[in-house]
Amino acid sequence: MTKDILRTAIAAVIGIVVAFGLIWLAQYAGSEISPDVYDPNSGEVLIPIGSTIALIVGWFIGTFGGSWFAMRISAGTGAGWIVAGAVIGAALYRAVTLADAWWIMALGVAVPLAA
Numbered sequence: 789m790t791k792d793i794l795r796t797a798i799a800a801v802i803g804i805v806v807a808f809g810l811i812w813l814a815q816y817a818g819s820e821i822s823p824d825v826y827d828p829n830s831g832e833v834l835i836p837i838g839s840t841i842a843l844i845v846g847w848f849i850g851t852f853g854g855s856w857f858a859m860r861i862s863a864g865t866g867a868g869w870i871v872a873g874a875v876i877g878a879a880l881y882r883a884v885t886l887a888d889a890w891w892i893m894a895l896g897v898a899v900p901l902a903a
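For the sequence shown, the working numbering puts the final residue at 903, and the numbers step up evenly by one.
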């Protein structure tokens with residue numbers, strides 16, 4: 789019993805690291821394809837749609853990859869749901885702190901759940 793709990797916990801941690809690594813790679817690729825633009829008139833950084841699409845794709849790939857890896861290690865589904873919950877929490881935190889549109893918040897929940 790204790791061995792299974794420890795295995796699931798370790799699998800969840802490894803899955804979260806894998807998920808956020810994949811999300812970071814997707815964000816990096818998106819920022820290289822379409823970099824942010826600084827608008828000197830308004831003083832704001834304008835984020836192009838390519839970077840936003842890369843972020844949403846990264847949420848899917850990261851959640852899928854991290855959850856799959858965690859479920860393979862733990863031999864159960866619990867660790868995968870923990871990884872999905874961590875990605876959802878991070879996506880909502882990002883959306884709220886950067887004052888994103890409502891559809892980013894909705895996709896921050898729907899995309900990881902779909903993965």
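Backbone N, C-alpha and C define an ideal beta-carbon position, used for all residues, glycine too.
Opposing strand residues paired with residue 871 [DSSP bridges]: The sequence position of residue 871 within the sequence shown is 83, counting from 1. BP columns for residue 871 are empty, so no partner.
Three-state secondary structure (DSSP) of residue 886: One-based indexing of the sequence shown puts residue 886 at position 98. Here residue 886 sits in coil by DSSP.
Applying the 10 Å Cβ sphere with the 16-neighbour rule, what's the burial state of residue 804? Within the sequence shown, residue 804 is the residue found at index 16, counting from 1. Classification of residue 804: buried, given that the 10 Å Cβ count is 16 or more.
Using three-state DSSP, classify residue 824 as helix, strand or coil. As a position in the sequence shown, residue 824 is number 36, starting the count at 1. Here residue 824 sits in coil by DSSP.
Rounded to whole angstroms, what's the CA-CA distance from residue 893 to residue 861? Just pull it up for me. Looking up residue 893 in the sequence shown gives position 105. Looking up residue 861 in the sequence shown gives position 73. Answer to the nearest angstrom: the Cα atoms are 30 Å apart.
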